[in-house]
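Using the working numbering, read the sequence shown as starting at 10 and increasing by one per residue. Idealized CB from N, CA, C, for every residue including glycine.
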Amino acid sequence: MTSTSSAASSLRRLYFVRAAFALAWAVLVALTGAGLGPVVLALVVLYPLFDVAAAIADARASRQSENVLGLYVNIAVSLLAAGGVAAAGATSGTPGILQVWGAWAIVSGVVQLVVGVRRRRMGGQWPMILSGGLSVGAGTSFILMASQPGAALTSVAGYAAVGGIFFLVSAIRLGSAVRKAPATAAA
10 MTSTSSAASS LRRLYFVRAA FALAWAVLVA LTGAGLGPVV LALVVLYPLF
60 DVAAAIADAR ASRQSENVLG LYVNIAVSLL AAGGVAAAGA TSGTPGILQV
110 WGAWAIVSGV VQLVVGVRRR RMGGQWPMIL SGGLSVGAGT SFILMASQPG
160 AALTSVAGYA AVGGIFFLVS AIRLGSAVRK APATAAA
């Protein structure tokens, strides 16, 4: 039980960092994302790269074989997404970025859902499971939005903000699970 408590504690800290990053990033994109300039392009490439770093930290902390495979898939998908977003920004602009972002949201949402289900005994994972499911729907909407006139990257700011809130709720719930773990182990 101690290793589960330690993993939950590490995951809790990571979720707080992810929540803070996602919410700050969402504000920056909401403020600057009306047009595709170098700052916005850098921000939309940065987000999947941050996801890579977070998945690496998660894999190192969790060391649970059933979760690590999903995290490695997420690392690969997020690296591809960062490259795809950069390429789309250089070639096809906002619609291309929305298409790549949408595909990434769908695949990473499925991965997040699977990892959350596998971790549900740890506690605090229902927000991650819900977030994964919502990510699939949001990704689909980004792909559809890409073909609409006036498509803007500010829509991804809302996606990141909601994800940040889910990470925050999950971190708080994990705190409750960590506090209960010693009492459960003693019983």
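Check whether the Cβ of Val77 sits closer than 6 Å to any heavy atom of the ligand ZN, and report yes or no. Within the structure as shown, the ligand ZN is missing, as the structure has no ligands at all.
Indicate the three-state DSSP secondary structure (helix, strand or coil) for Ala161 in the structure shown. DSSP places Ala161 in coil when its eight states are reduced to three.
Quick check on the burial criterion: 16 or more other C-beta atoms within 10 angstroms. Buried or exposed for Ser185? Counting every other CB atom within 10 Å of its CB across the protein chains shown gives Ser185 a total below 16, marking it as exposed.
Between which two residues does the alpha helix (DSSP H) containing Arg127 stretch? Here the alpha helix (DSSP H) through Arg127 covers Gly102 to Arg127.
6 Å Cβ shell around Ala97 - same chain, five flanking residues per side excluded: Gly105, Ile106 and Val109.
Among Arg127, Thr149 and Ala66, which has the Cα closest to the Cα of Ser18? The shortest C-alpha separation from Ser18 is found at Ala66.
For Phe175, which of Val165, Val54, Leu162 and Trp135 has the nearest alpha-carbon? For Phe175, the closest C-alpha among the options Val165, Val54, Leu162 and Trp135 is that of Trp135.
Taking DSSP as the reference, what is the three-state secondary structure of Arg182? Correct three-state label for Arg182: helix.
Should Leu52 be labelled buried (16 or more other beta-carbon atoms within 10 Å of its own) or exposed? When all chains shown are included, Leu52 counts as buried.
Please classify Arg21: is it buried, with 16 or more other beta-carbons within 10 angstroms of its beta-carbon, or exposed? Counting other Cβ atoms within 10 Å of its Cβ, Arg21 reaches 16 or more and is therefore classed as buried.
Can you grab the Cα-Cα spacing for the pair Gly102 / Trp113, in whole Å? Pairing Gly102 with Trp113, the inter-Cα distance amounts to about 17 Å.
Measure the alpha-carbon distance for Ala194 versus Ser14 and round it to whole angstroms. Reliability fails at Ala194, whose pLDDT of 42 lies under 50, so the model's placement of it is uncertain and no value is given.
Do the CB positions of Leu162 and Gly142 come within less than 7 Å of each other? No, these two residues do not count as a Cβ contact at 7 Å.
Express the C-alpha separation of Leu80 and Ile181 in angstroms, rounding to a whole number. Going by the C-alpha atoms only, they are around 22 Å apart.
Mind checking which residues open and close the alpha helix (DSSP H) that includes Ser140? Trp135 to Met154 is the span of the alpha helix (DSSP H), which, as asked, contains Ser140.
Relative to the C-alpha of Ile115, which residue among Leu88, Ile152 and Gly132 is closest? Out of Leu88, Ile152 and Gly132, Ile152 has the C-alpha closest to the C-alpha of Ile115.
Member of Phe59, Ala39 and Gly46 whose CA lies at the smallest distance from the CA of Val26: When the alpha-carbon of Val26 is set against those of Phe59, Ala39 and Gly46, the nearest one is in Phe59.
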